[in-house]
Amino acid sequence: FLHQLSAASDDVTQKPSIMSELNKYIHNGGFTHVLVPDEWFHKLDGTLRGCEVPVVELLGDHWIPWAVDKKKTYMKENEIKNAIVFSDRFQDAYSGMVNMHCVLGGYDSSVFRDRGVERDIDVLIHGSLGEDTHNWVYSVRNWLADVLPKIGEEEGFRVERWGHPGYWPKGERPKGNFTGAYSEVLNRAKIAIGGSSHWRLALKKFYEVPACGAILLSDLPLEDKAFFEGRVIKVDPKKVRTVGYKEELGRTIVDTLVKYEDSKEKLQPFRSEQDC
Numbered sequence: 001f002l003h004q005l006s007a008a009s010d011d012v013t014q015k016p017s018i019m020s021e022l023n024k025y026i027h028n029g030g031f032t033h034v035l036v037p038d039e040w041f042h043k044l045d046g047t048l049r050g051c052e053v054p055v056v057e058l059l060g061d062h063w064i065p066w067a068v069d070k071k072k073t074y075m076k077e078n079e080i081k082n083a084i085v086f087s088d089r090f091q092d093a094y095s096g097m098v099n100m101h102c103v104l105g106g107y108d109s110s111v112f113r114d115r116g117v118e119r120d121i122d123v124l125i126h127g128s129l130g131e132d133t134h135n136w137v138y139s140v141r142n143w144l145a146d147v148l149p150k151i152g153e154e155e156g157f158r159v160e161r162w163g164h165p166g167y168w169p170k171g172e173r174p175k176g177n178f179t180g181a182y183s184e185v186l187n188r189a190k191i192a193i194g195g196s197s198h199w200r201l202a203l204k205k206f207y208e209v210p211a212c213g214a215i216l217l218s219d220l221p222l223e224d225k226a227f228f229e230g231r232v233i234k235v236d237p238k239k240v241r242t243v244g245y246k247e248e249l250g251r252t253i254v255d256t257l258v259k260y261e262d263s264k265e266k267l268q269p270f271r272s273e274q275d276c
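Numbering (the UniProt record's numbering), first residue to last: 1 to 276.
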């Protein structure tokens with residue numbers, strides 16, 4: 001959603017290069033707010049000071065320690081008083097300067113949906129993995145990526161790894177229809193891994209995986225935990241890398257695949273659009 005919003009917003013801001021043009025656009029359209037997707041958004045000369053309607057920031061990654069100062073500076077320079085966040089934690093650093101409005105994560109139901117195709121991948125490894133900080137940021141995910149191919153060889157089920165497109169700076173987009181291809185590969189998977197990160201967050205893939213009809217294999221996030229409880233193959237972060245846990249997980253996966261239809265009926269049920 002963040003990058004979709006950015007792309008749409010960039011189309012709008014190609015023309016308004018000064019505040020008077022943006023205010024004219026707002027007035028002509030009858031808009032009540034301007035929503036900006038995080039601190040790298042607008043292409044106006046200068047800042048968003050002087051905007052005739054409130055500016056609301058979609059504040060992503062506001063919990064990362066080394067990003068806090070940059071985000072606070074952006075909000076101060078642009079006189080942003082309201083922000084939409086995906087967690088009601090990590091707000092102390094912004095206290096007094098911005099009103100945080102917390103919402104749950106979500107997914108694009110027009111893209112991420114169960115297409116009813118054959119599921120030829122038993123377990124799908126996907127997401128940001130490996131290098132730099134990602135080993136500790138996504139410790140559960142990286143552990144799963146390490147042990148699952150070995151378990152698959154030992155137990156005789158198919159494990160496939162799907163590459164992450166990477167993170168790109170302002171103005172760049174990954175080539176090709178990444179989200180469409182991602183939905184297609186999730187539709188081929190019976191089980192797909194998650195990993196809530198060091199901060200135990202309900203990331204987008206937590207919703208995209210089950211929306212595509214796959215069973216989520218992951219530790220539980222703290223946000224929306226009650227919904228995910230009992231609906232995933234649960235990985236215990238405290239047991240990761242302990243003796244015998246790999247074998248325990250392997251038995252659970254094999255049992256899930258052997259009784260897949262029953263397992264899917266129990267574990268995969270997902271909130272409908274009416275429930276959102």
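Where is the CB? At the ideal position from N, CA and C, for every residue including glycine.
Distance from the Cα of K234 is smallest, within the candidate group P65, K259 and Q268, for Q268.
Taking the Cα positions, Y25 is about 21 Å away from L58.
Annotated as proximal: A214 and A192, with beta-carbon spacing under 8 Å. Annotated three-state conformation of A214 is coil, per DSSP.
Just so you know, the alpha carbons of Y74 and E39 end up roughly 6 Å apart. When the five nearest sequence neighbours on each side are left out, the beta carbons in the same chain lying within less than 8 Å of the beta carbon of D114 are those of N187, A211, C212 and G213, in order along the chain. Taking C-alpha positions only, E153 is separated from A202 by approximately 30 Å. Secondary structure remark: continuous alpha helix (DSSP H) runs of at least 4 residues inside the stretch 55–117, in chain order: 68–77. Counting C-beta pairs closer than 8 Å gives fewer than three between the stretch 228–247 and the stretch 119–129, which falls short of the contact rule. I18 carries a coil assignment under DSSP once its states are collapsed to helix, strand and coil. If you draw a straight line from the Cα of E77 to the Cα of K70, it comes to about 11 Å.
K190 is the residue among K259, K205 and K190 whose C-alpha sits nearest the C-alpha of V123. Using a Cβ distance threshold of 8 Å, I125 and L144 count as a contacting pair. Taking all protein chains in view, the Cβ of P54 is surrounded by fewer than 16 other Cβ atoms within 10 Å, so the residue is classified as exposed.
Put simply, of K205, T179, I64 and L216 the residue whose alpha carbon is nearest the alpha carbon of R89 is I64.
Residue state for A202 is assigned as coil, using DSSP reduced to three classes.
In this structure, G195 sits near R141, with a CB-CB distance shorter than 8 Å.
Of the candidates T47, Y260 and V36, T47 places its Cα closest to the Cα of S17. Between W162 and V185, the C-beta spacing is below 8 Å.
Straight-line measurement puts the Cα of H101 at about 39 Å from the Cα of V159. Beta-carbon to beta-carbon, E155 and V254 are separated by about 5 Å, close enough to satisfy the 8 Å threshold. For L257, there is no enclosing beta strand (DSSP E); the residue is found in the alpha helix (DSSP H) stretching over Y245 to V258.
V209 sits buried, since 16 or more C-beta atoms from the chains shown fall within 10 Å of its C-beta. Residue range S139 to E155 is occupied by the alpha helix (DSSP H) that includes D146.
Bridge pairing for V36: E57 [DSSP].
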